[in-house]
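Numbering (the working numbering), first residue to last: 19 to 275.
Where is the CB? At the ideal position from N, CA and C, for every residue including glycine.
What follows is one structure encoded as structure tokens, with my remarks underneath.
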């Protein structure tokens with residue numbers, strides 16, 4: 019018997035006030051790019067997905083391997099590959115999204131530092147070939163309704179931890195004003211350990227970025243402030259604001275572990 023071929027809804031775009039938006043057969047925004055400034059991270063939550071830089075030496079970023087689970091409009095992929103000069107892998111299950119990013123969102127062709135893979139993120143993180151090969155893992159996995167993460171159980175987050183090298187970091191986009199946030203954050207804390215998970219305050223749209231590490235040593239405050247200043251100078255992202263917003267997970271979540 020031949021397996022039924024997976025079909026996907028069309029990837030479409032809209033434009034408003036100089037910004038191009040990606041949609042997946044719905045009104046919900048899956049990503050954005052300012053047309054005249056394609057290297058700029060347009061959405062605030064996407065900027066905060068880069069908060070992992072506070073936990074790493076900003077002068078050695080190019081040495082790492084960055085992986086995005088969920089391509090969106092390729093903003094993080096373009097940023098890690100183009101601006102940070104990291105070896106970058108993007109894993110996207112929907113071939114329509116990859117084609118749209120190549121046509122409309124300045125996603126470059128694969129090269130020695132960039133690999134875009136048409137694959138299931140769950141299968142990718144459970145492949146033994148990827149164990150401890152990733153320094154930075156960005157997880158942003160939503161379907162066309164953008165209602166809740168597609169992959170959000172404890173086994174998935176344990177597999178995410180498994181692909182991280184020692185000292186590696188994961189950022190995850192969650193909805194902080196939704197009842198599902200506490201459940202998701204608890205699953206992450208159980209997979210990574212409560213002392214290895216932090217969150218930023220929600221954006222005005224309700225997105226909360228959670229940061230989780232594998233054996234990460236938290237620098238002294240003075241070091242974090244220096245790193246934040248370096249990040250702002252180098253890539254023009256509001257890292258000092260991130261530093262004011264980042265917190266350990268609240269005790270109301272951690273007591274459930």
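Backbone secondary structure at residue i - three-state DSSP
i, result
"residue 41", "strand"
"residue 83", "strand"
"residue 271", "helix"
"residue 235", "coil"
"residue 109", "strand"
"residue 266", "strand"
"residue 104", "coil"
"residue 124", "coil"
CB contact below 8 Å: residue i versus chain B
i, result
"residue 103", "Given the protein chain composition of this structure (a single chain), no chain B is represented."
C-beta contact flag for residue i and residue j at 8 Å
i, j, result
"residue 88", "residue 159", "yes"
"residue 252", "residue 76", "yes"
"residue 104", "residue 79", "yes"
"residue 170", "residue 232", "no"
"residue 187", "residue 154", "yes"
Status (buried if at least 16 other CB within 10 Å, exposed otherwise) for residue i
i, result
"residue 115", "buried"
"residue 273", "exposed"
"residue 174", "buried"
"residue 130", "exposed"
"residue 207", "buried"
"residue 270", "exposed"
"residue 99", "buried"
"residue 191", "buried"
"residue 214", "buried"
"residue 60", "buried"
Nearest neighbour of residue i, chosen from the options [CA to CA]
i, options, result
"residue 246", "226, 171, 70 and 138", "70"
"residue 139", "85, 99 and 125", "85"
"residue 112", "154, 48, 65 and 153", "48"
"residue 225", "199, 234 and 36", "199"
"residue 54", "43, 68, 34 and 44", "34"
"residue 268", "243, 231 and 216", "216"
"residue 83", "212, 264 and 107", "107"
"residue 97", "66, 118, 222 and 121", "66"
"residue 5", "146, 40, 179 and 128", "Residue 5 is absent from the structure shown; the chain starts at 19 and stops at 275."
"residue 44", "38, 57, 56 and 30", "30"
"residue 156", "221, 90 and 126", "90"
Expected contact under 8 Å - CB spacing of residue i and residue j to nearest Å
i, j, result
"residue 135", "residue 168", "Contact doesn't hold; Cβ gap of about 17 Å is too wide."
"residue 255", "residue 249", "6 Å"
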